[in-house]
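Letter 148 of the sequence shown, counting from 1, is numbered 312 in my numbering, and no numbers are missing.
C-beta atoms are modelled at their ideal positions from N, C-alpha and C, and glycine is treated no differently.
Accompanying notes for the structure given below.
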Amino acid sequence: MKKKLPVIGVSGSVIIDQGGLFPGYRRSYVNEDYIHAVVQNGGAPFILPVVEDETVIANYIDTIDALILSGGHDVSPQFYDEEPELALGDIYPARDRFEFTLIELAKKKGIPILGICRGAQVINVCHGGSLWQDLAHRENTTIKHMQGHNPELVTHTVTIEEGTILQEILQEKTLRVNSFHHQLIKHPAREFVISATAADGAIEAIEHASYPFLLGIQWHPEMLHKSEPLMNRLFQQLIDNARGAEESK
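See the structure below:
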């Protein structure tokens, strides 16, 4: 009999062809690193294309055992009651609404949720938190958080708070991570705690205070799952929680 693997939904995005045969053609996609990280750690990845039909989204959630919210566009400031500032990048409000619905339905089902980069920011905004639209707007001196083009290079330090789920998973007080973002969590949502910070005080991870596994990570562990084996623990724990949630039904 075939072994049943936990099905891990990965929220997708849309890329628009800039040339080739079909300039302007829209394609649903997700970066392969998410797929490889899930497979390597015992899950079956399932890409969730952006749709607006809530019946379809509900069927996505019925199918999966855990949810990963992937990186990508800036989160639209309309969802945390701010006007767009000059440094705001490309936004995709339909994707924001799509992922808010994914989160709400995933929580109702009680499955584990991991947000990565934009995904962490989406989790925060979905629950009433806010963002810095650009790191330059912070009052404090800011280290470099957009490192360049090598995804497997770790460039800055994060400190993990003791007693958090993140610390329990990684079993480290400090570690070095990669960094590819210009937006950042400003005010964490009320029911969340800060679980990691950078040397400049920037929030690098948040987690829900009571939900069993609802974690947002600002760096990209999926890009580090080969070069920094420690990062696999995040995906292992997500998948182990997914397996446990499925067995408890």
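Between which two residues does the alpha helix (DSSP H) carrying residue i extend?
i: R259; result: 257-273
i: H200; result: 196-204
i: V289; result: 282-290
i: L339; result: First-last for L339: 338-341, but that is the beta strand (DSSP E), not the alpha helix (DSSP H).
i: L334; result: 329-334
How far does the beta strand (DSSP E) with residue i in it extend, from its first residue to its last?
i: V357; result: 356-362
i: L252; result: From DSSP, L252 is part of no beta strand (DSSP E); its letter is neither H nor E.
i: R190; result: 190-193
i: L212; result: 208-212
Pull up the DSSP beta-bridge partners for residue i, would you.
i: E371; result: V357, L379
i: A230; result: I172
i: G279; result: L233, G380
i: S177; result: Y193
i: T321; result: R340
i: D238; result: I255
i: L295; result: I349
i: M387; result: Partner(s): none; M387 has no beta bridge.
i: M395; result: None; M395 has no bridge partner.
For residue i, would you say it is in contact with chain C, using Cβ-to-Cβ distances shorter than 8 Å as the test?
i: G184; result: Going by chain labels, chain C is absent from the structure shown, which holds only one protein chain.
Can you have a look at residue i and say buried or exposed, based on whether 16 or more other CB atoms are within 10 angstroms of its CB?
i: I179; result: exposed
i: R397; result: buried
i: V174; result: buried
i: S405; result: Just to set this straight, residue 405 is Asn in the shown sequence, not Ser. Buried, since its Cβ has 16 or more Cβ neighbours within 10 Å.
i: M310; result: exposed
i: Q189; result: With the sequence shown as reference, residue 189 is identified as Tyr, and Gln is not the correct amino acid for it. With fewer than 16 other Cβ atoms within 10 Å, it is exposed.
i: G184; result: exposed
i: S343; result: buried
i: G327; result: exposed
i: A373; result: exposed
i: R191; result: exposed
i: Q335; result: exposed
i: L250; result: exposed
i: A300; result: exposed
i: E268; result: exposed
i: H313; result: exposed
i: P393; result: exposed
i: N423; result: The structure shown does not extend to residue 423, since the chain is modelled only from 165 to 413, so the question has no answer here.
i: N288; result: buried
If I'm right that residue i touches residue j with Cβ under 8 Å, what's the distance once you round it to whole angstroms?
i: A284; j: I277; result: 11 Å between Cβ atoms; not a contact.
i: D254; j: D238; result: 6 Å
i: V214; j: R259; result: 5 Å
i: L266; j: I225; result: 7 Å
i: A208; j: P170; result: 7 Å
i: M387; j: D197; result: 5 Å
i: S359; j: A369; result: 4 Å
i: T306; j: D364; result: 5 Å
* the segment 310-325 / the segment 374-381 touching (three or more Cβ pairs under 8 Å) -> no
* Any contact of the segment 289-309 with the segment 238-251, i.e. 3+ C-beta pairs under 8 Å? -> yes
* Asked: Would you call the segment 195-208 and the segment 349-358 touching, i.e. three or more CB-CB distances under 8 Å?
  -> no
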